[in-house]
Ligand SMILES: [Zn+2]
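Residue numbers (this note's numbering): 429 to 744.
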């Protein structure tokens with residue numbers, strides 16, 4: 429309870445500070461100058477994830493300072509905000525987050541202070557999934573490029589309001605054209621895998637929107653949250669599925685432990701089957717994070733192409 433109250437207080441503080449919109453840093457409670465925004469007159473946009481860092485960079489990279497809360501490679505489902513993160517949220521003139529309970533441990537603070545880029549999504553466009561026996565909205569919307577474009581629209585609106593700068597609309601139009609080109613590339617690339625080989629097996633359940641987009645069947649023995657371990661029954665069902673359907677490859681993710689997929693391989697071999705585990709540097713699927721800045725896959729478009737190429741090249 430105490431934790432909740434302090435979280436609520438933090439959230440209320442954020443709201444007040446956010447509404448001031450100074451963007452030039454200021455001082456912390458000890459009177460020391462804060463790092464963020466120092467020496468810059470640009471407003472600060474605080475984002476939760478690497479996806480949103482990239483999105484804001486594409487739309488207004490030269491007009492704002494960007495602060496990212498959850499580092500690339502960390503798991504947003506489980507990430508708990510540090511005091512330093514709360515400072516970043518306080519300093520943000522605009523706070524953007526995914527929503528749909530993706531940032532599962534930061535929901536209260538974010539709902540009170542930020543704007544979810546998924547805010548205007550139509551419920552009918554969202555898919556649900558099972559988590560601990562109950563039906564939840566699947567938060568991994570970014571693998572549906574149409575939904576990602578809607579998120580871009582939401583961010584665009586917020587940035588125009590923040591900056592009072594209509595030229596962001598042009599940036600958005602250009603960026604969405606690039607997203608359309610990405611969609612065309614994907615439509616073409618997936619045809620290299622025959623329809624009866626379109627099985628995507630990954631540790632956690634991040635690829636339902638991806639699977640829907642490309643007529644794939646996705647199996648994730650670990651379920652929606654990276655928090656849960658795969659049950660023995662799920663593993664056993666997955667092993668049977670791989671053997672029965674002669675699935676060529678299973679995929680590790682950059683944010684989950686590849687050992688889980690190695691265990692699948694051993695169990696498949698014990699049943700006389702054969703499957704390859706795709707893992708290791710440059711060979712992992714990006715699910716809940718882009719690559720760290722400066723590495724391959726550090727933009728949404730590069731990340732998506734990397735995933736598509738990795739999947740198709742190992743299943744065809
Ligand atoms: Zn996830």
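Ideal Cβ placement from N, Cα and C applies to all residues, glycine included.
A distance filter of 5 Å between CB atoms and the heavy atoms of ligand 1 selects the following residues in sequence order: 634 and 716. In the DSSP assignment, residue 562 forms a beta bridge with 559. For residue 717 against residue 478, the beta-carbon gap comes to about 5 Å, under 8 Å, which counts as contact. By the CB criterion at 8 Å, residue 729 and residue 679 fall outside the cutoff. Per DSSP, residue 704 is one residue of the beta strand (DSSP E) stretching across 704 to 706. Every beta strand (DSSP E) of 3 residues or more that sits fully in the stretch 606 to 682 is shown, in chain order, as 627 to 629, 645 to 647 and 677 to 679. Within its own chain, no residue has a Cβ closer than 6 Å to the Cβ of residue 733 once the five positions on either side in sequence are excluded.
Residue range 478 to 488 is occupied by the alpha helix (DSSP H) that includes residue 485.
Counting along the chain, residue 729 sits inside the alpha helix (DSSP H) bounded by residues 728 to 743. Taking 8 Å as the upper bound for CB-CB distance, residue 470 and residue 493 are in contact here, some 5 Å apart. With respect to residue 475, residue 524 sits close: the two C-beta atoms are nearer than 8 Å. For residue 522, the enclosing beta strand (DSSP E) starts and ends at 522 to 525. An exposed status is given to residue 605, since fewer than 16 other beta-carbon atoms sit within 10 Å of its beta-carbon.
When DSSP assignments are scanned along the stretch 496 to 557, the uninterrupted stretches of beta strand (DSSP E) that are 3 or more residues long and fall wholly within it turn out to be 522 to 525. Per DSSP, reduced to three states, the secondary structure at residue 493 is strand. Between the C-alpha atoms of residue 484 and residue 588 there is a straight-line separation of about 12 Å. Judged by DSSP secondary structure, residue 584 falls within the alpha helix (DSSP H) whose first and last residues are 573 to 591. Here residue 659 is exposed: its Cβ has fewer than 16 other Cβ atoms, across all protein chains shown, within 10 Å. Residue 685: not part of any alpha helix (DSSP H); DSSP gives it neither H nor E.
The secondary-structure analysis by DSSP pairs residue 473 across a beta bridge with 494 and 522.
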